[in-house]
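Using this note's numbering, you'd call the opening residue of the sequence shown number 74 and step up by one each time. All residues carry an ideal CB built from backbone N, CA and C; glycine is no exception. Fair warning: this is a prediction, and the values are worked out from it, not measured in the lab. Encoded as structure tokens, the structure appears first; notes follow it.
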Amino acid sequence: MESVAVVAVPFPAQGHLNQMLHLSLQLASRGVPVHYAAPAAQVRQARARLHGWDERALRSVEFHDLGISEYVSPPPDPTAPSPFPTHLMPLFEAYTAGARAPLAALLAGLSASHRRVVVVHDRINAYAAEEAARLPNSEAFGLHCLAAFPLAGKTDAGLRLLRDRGLAFLDVAPFVSREFAEYVAKRAMPTKEISPGSGILVNSCHALEGEFIDVVAGDLAADGKKYFAIGPLNPLLDLHADAQKQSKPRHECLDWLDKQPPASVLYVSFGTTSSLRTEQISELAAALRDSDQRFIWVLRDADRGNESAEEDEPEQTRGAAVQVHPSDRREGQGDHRVAPQLEILAHGATAAFMSHCGWNSTMESLSNGKPILAWPMHSDQPWDAELVCKISQRRHPCAPLGDARRGDSGGGHQTSNRGCHAFGPRSGSAAASEGARRGRPCLPG
């Protein structure tokens, strides 16, 4: 009989899939047998978008399909009043309704062949903890894929700690759709417990959120549960050493970065679940071009709820990496592959990151020492921008660019581009100056 098996159960959204896969690979690299369980389309998505690891590392994890029923999902809605990706709701509903039975079968089989089974599930997947509790040799830990300080806000009486640090406990309602809020409360996480299992793992660290982590840890300890801060989960890259180990071709934008001066390029990306409106794309493009600064801009469609529809499109129709060289502003060749965010942020030529402040992007940027120009859009992103900016303003005054509650930060524009755009400087800086008046870079504290 084997000694232990870890079963990783991510929520089927890119930021959650990615964090769970990083954790799975970290555990597998230490010789722990890891089983990554998700619907087949999301398994393919997580594997295809993985960066920071050699593809051969994926062989150390065993992937399982949690077969779910077919569902009909609308495309992203460019006219929606809120940037929250409500079009993903059919996927989420189908997942919660259909994944429990195949996960239960997987856990039962592993329980019979291992002395101990540890289920690491996304905190939204409360059903996974319930299934683990049915087995005599299994326990569950929830992976918290967000910042720690919102959890501290739920346990800190009177919000004293948040107030003392100048932070607001933001009501989640303005930043998510009514449908998603009801889904989480009634189906995904019906329990009122912070941790229905043995404890929580959080993708954060004491250097960034130490006081908040200690508050939550103390609250859980009172209930006999554990709290581990294990972030950042993303690997920290040595680009020169790691380049020799990579088995896939290098992205063209990295070759372009190699030719730029140190700390001279702004990286612009707003994640996978929202798109900018047409007028926002035009305004941002004009500001960046007129700023007299080099930049890389990842411009892409929001993820669809029905990933199989994307698989039918040729990859080259969905994106391109367009480069404009500073010397002559001529356009270069396109690169249709997913932009390698970790490698871009680790590169010495990258100076700062204009970001939606998803927690993955926030941790990846801060762990690579890159300042953030915050433009939160939905979900936990306003919390993350609040944390980064308020903690950082001890040294550098800063403010988020947009306010998701006012709808400043996007409503979705379906564009065929899903690639990486790099541009060199152009004369004129009026638009960039206007952008600077609206918000400053939020530097890591």
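- If you keep only unbroken beta strand (DSSP E) runs of at least 3 residues inside the segment 122-165, you get 134-138.
- For His-429, the three-state secondary structure derived from DSSP is coil.
- When only Cα atoms are considered, Ala-422 and Pro-305 end up about 22 Å apart.
- The alpha carbon of Ala-121 has as its nearest neighbour, out of Ala-419, Ala-425, Val-411, Asp-292, the alpha carbon of Val-411.
- Sorting His-124, Pro-269, Leu-232, Glu-212 by C-alpha distance to the C-alpha of Ile-197 places Pro-269 at the top.
- Taken through DSSP and simplified to helix, strand or coil, Asp-374 comes out as coil.
- Within the same chain, Gln-87, Asp-376 come within 6 Å of Thr-345 by CB-CB distance, once the 5 residues on both sides are set aside.
- In this structure Gln-414 is not in contact with Gly-431, their Cβ atoms being roughly 11 Å apart against a cut-off of 8 Å.
- The shortest C-alpha to C-alpha distance from Ser-452 to any of Val-289, Asn-210, His-420, Arg-251 is the one to Arg-251.
- For His-187, DSSP records a beta bridge to Glu-75.
- Looking at the DSSP output, Gly-215 shares a beta bridge with His-194, Ile-273.
- Under the Cβ criterion (8 Å, minimum of three pairs), the segment 151-165 does not count as touching the segment 173-181.
- Counting every other CB atom within 10 Å of its CB across the protein chains shown gives Ala-241 a total below 16, marking it as exposed.
- Under the three-state reduction of DSSP output, Thr-435 falls in the helix class.
- In this chain, the alpha helix (DSSP H) harbouring Ala-280 covers 279-295.
- In this chain, the beta strand (DSSP E) harbouring Ser-342 covers 338-342.
- By the Cβ criterion, the segment 203-215 is not in contact with the segment 83-98, since fewer than three pairs of Cβ atoms, one from each stretch, lie closer than 8 Å.
- Boundaries for Ala-302: no alpha helix (DSSP H) harbours it, while the beta strand (DSSP E) harbouring it runs 299-302, taken from the DSSP string.
- Excluding sequence positions up to five before and after Ala-201, its CB lies within less than 7 Å of the CB of Val-82, Leu-176, Val-192, His-194, Ala-213, all in the same chain and listed in chain order.
- Beta bridge pairing from DSSP links Tyr-109 with Ala-81, Phe-136.
- Measuring C-alpha to C-alpha distances from Ala-113 to each of Asn-433, Glu-135, Trp-329 identifies Glu-135 as the nearest.
- Distance check between Asn-210 and each of Ala-199, Leu-232, Arg-236, Leu-183 places Leu-183 closest, using alpha-carbon atoms only.
- Between the segment 324-341 and the segment 284-304, the count of C-beta pairs closer than 8 Å stays below three; the two stretches do not touch.
- Within the model, the alpha-carbon separation for Trp-126 versus Asp-296 is close to 37 Å.
- Rounded to the nearest angstrom, the gap between the Cα atoms of Pro-158 and Arg-129 is 33 Å.
- Between Ser-438 and Phe-426 the beta-carbon gap is near 4 Å, inside 8 Å, which marks them as a contact.
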